[in-house]
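J.: Sharing a structure below in structure tokens format, with a few things to ask.
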Amino acid sequence: KSLSIRMSPVRRLVFAGTFILFFAHYFAWGVIANVAFPLAFSGLVMLLLIELLEKLDAKKEIDLAREIQLSLLPSANIETDDYQMVSFANTASEVGGDYVDVIQTETGTYYIIADVSGKGLSAALYMVRMQALVHLIIKKFQPTPKELCLELNDYIKSGKTDKTFVTASVAFFPKGENQFTIVRAGHNSPLLYKADKDVVLDLKTTGFALGMTSTQRLKLFMKEARINFNPGDSLLIYTDGLNEARNEMNEEFGDSRIRAMFEIYGALEPRTMVKKMQNSLEDFIGSAKPMDDITFSCIKKR
């Protein structure tokens, strides 16, 4: 939108007045002609200065929001007796709507990755609300991944006034067990590297994005899978910002490239795997600006 449309009514009057004074400078005579141009110039400079100061204040607020959002995210490198979990996150703007979390309980570890529709400040604020609710539900109920998604769907549908929806994958890793439980709510299919066979498998569990349908229908459609997870096995989970990342030629990074890299590097330590994926992504994108938030995690069984 133009500068004049975004101005307050008072500033619009001042803005219009500066144009009148500019014309008066050229078409009037005497004292009016002499003072019109300095007054018009001063008024315009004052308006631009006010707009600049407001933009600086807004940037400070966004920077603060980014600091708060980053402080709420878990460490990029988490280790337990059973697992290593390493994550990478990059926002398309100062703040983003991707959400990754690791919550440890007495019985095991929850891993959540989600992508709020949209991006920027509104998506980031929604993500913060989601995180608070996730922690509350897990602390109070110790739900299965499917039960957690159903509770979140209830929340999103009950307060929904727009077209916001959330894609997510939720996994639970029980302590001392060589397995995990996972559900997928409209999210990219996680990839599982099996060390004993040196193969990569797609975990294509079914489930609508949260907020897209009723909780009753989601309960019927969403399938929870129990997956064997032995020492040396790795799990790669990512948001669509990774596979849909584009370079200057408008080519996508793509699921096939991600899978090929995981087939080669799946046996490596998660920190190394994530770094190689990050380097490959940066080389591919080049100077192109990311259009979406990018988040991915590698989880390896000890």
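In terms of our numbering, the sequence shown opens at residue 44 and continues consecutively.
In this text, a Cβ means the ideal position worked out from N, Cα and C, and glycines have one as well.
The structure displayed is predicted, hence computed values, not measured ones.
From the DSSP output, in three-state form, read off Pro217 for me.
T.: In the sequence shown, residue 217 corresponds to position 174, counting from 1. Strand.
J.: Look up Ile337 in the DSSP assignment and say whether it is helix, strand or coil.
T.: Reading the sequence shown from its first residue, position 294 is the one you call residue 337. Correct three-state label for Ile337: strand.
J.: Extract the residue ranges of the alpha helix (DSSP H) inside the segment 173 to 232, only unbroken runs of 4 or more that lie entirely within it.
T.: Segments of the alpha helix (DSSP H) lying fully in the segment 173 to 232: 188 to 201.
J.: Identify whether Ala166 lies in helix, strand or coil by the three-state DSSP scheme.
T.: Here residue 166 refers to the residue found at position 123 when the sequence shown is read from its first residue. DSSP places Ala166 in helix when its eight states are reduced to three.
J.: What does the alpha-carbon distance come out to for the pair Thr256 and Ile93?
T.: For the purposes of this step, residue 256 is identified with residue 213 of the sequence shown, where counting begins at 1. For the purposes of this step, residue 93 is identified with residue 50 of the sequence shown, where counting begins at 1. Rounded to whole angstroms, Thr256 to Ile93 spans 46 Å at the Cα level.
J.: According to DSSP, Leu253 sits in a beta bridge with which residue or residues?
T.: Here the question's residue 253 lines up with position 210 in the sequence shown. For Leu253, which the question treats as bridged, DSSP gives the partners Val209.
J.: Tell me whether Thr282 sits in a helix, a strand or coil according to DSSP, three-state version.
T.: Residue numbering aside, residue 282 sits at position 239 when the sequence shown is read from its first letter. Coil at Thr282, not helix or strand.
J.: Between which two residues does the beta strand (DSSP E) carrying Leu235 extend?
T.: Residue numbering aside, residue 235 sits at position 192 when the sequence shown is read from its first letter. Residues Leu234 to Lys237.
J.: Tell me whether Ala157 sits in a helix, a strand or coil according to DSSP, three-state version.
T.: Working through the sequence shown from its first residue, we reach residue 157 at position 114. Strand at Ala157.
J.: Can you give the Cα-Cα distance for Ala310 and Leu91, rounded to whole angstroms?
T.: Counted from its first residue, the sequence shown places residue 310 at position 267. Counted from its first residue, the sequence shown places residue 91 at position 48. One C-alpha to the other measures close to 57 Å.
J.: Let me know the secondary structure DSSP gives Thr327 once reduced to three states.
T.: Here the question's residue 327 lines up with position 284 in the sequence shown. For clarity, residue 327 is Phe in the given sequence; the question names Thr instead. Correct three-state label for Phe327: helix.
J.: Output yes or no for whether 8 Å exceeds the beta carbon distance between Asp283 and Leu235.
T.: Here residue 283 refers to the residue found at position 240 of the sequence shown. Here residue 235 refers to the residue found at position 192 of the sequence shown. Not in contact: Asp283 and Leu235 (Cβ atoms no closer than 8 Å).
J.: Restricting to Cα atoms, I'd like to know which of Asp298, Met320, Ser299 and Gly297 is closest to Tyr308.
T.: Here residue 308 refers to the residue found at position 265 when the sequence shown is read from its first residue. If we check each option's Cα against that of Tyr308, Met320 comes out closest.
J.: Measuring alpha carbon to alpha carbon, tell me which of Glu220, Ala268 and Ala288 ends up nearest Asp124.
T.: Your numbering for residue 124 matches position 81 in the sequence shown. Ranking the options by Cα distance to Asp124, first place goes to Glu220.
J.: Excluding sequence positions up to five away, which residues of its chain have a Cβ less than 6 Å from the Cβ of Phe339?
T.: Position 296 of the sequence shown, counted from the start, is the residue given in the question as residue 339. Excluding sequence neighbours, Phe339 sits near Phe131, Tyr281 and Leu285.
J.: Are the beta-carbon atoms belonging to Gly254 and Asn196 less than 8 Å from one another?
T.: As a first step, residue 254 is located in the sequence shown; it is residue number 211 there, counting from the start. As a first step, residue 196 is located in the sequence shown; it is residue number 153 there, counting from the start. Yes, the Cβ-Cβ distance between Gly254 and Asn196 is below 8 Å.
J.: Please return the same chain residues whose Cβ sits closer than 6 Å to the Cβ of Pro373, not counting the five positions on each side in sequence.
T.: Residue 373 is absent from the model: the chain starts at 44 and stops at 345.
J.: Kindly identify the DSSP beta-bridge partner or partners of Glu122.
T.: Numbered from its first residue, the sequence shown carries residue 122 at position 79. The partner list for Glu122 (beta bridge, DSSP) reads Gln127.
J.: May I ask you to verify whether the segment 257 to 274 touches the segment 144 to 160, counting CB pairs closer than 8 Å and requiring at least 3?
T.: Because the criterion of three Cβ pairs below 8 Å is not met, the segment 257 to 274 and the segment 144 to 160 do not touch.
J.: Under the DSSP definition of a beta bridge, which residues are partnered with Thr315?
T.: As a working mapping, residue 315 is identified with position 272 in the sequence shown. Beta-bridge pairing links Thr315 to no other residue.
J.: My understanding is that Val209 touches Met265, with C-beta atoms under 8 Å, so please give their C-beta distance in whole angstroms.
T.: Reading the sequence shown from its first residue, position 166 is the one you call residue 209. Reading the sequence shown from its first residue, position 222 is the one you call residue 265. Going by Cβ atoms, the distance from Val209 to Met265 rounds to 14 Å, so no, they are not a contact pair.
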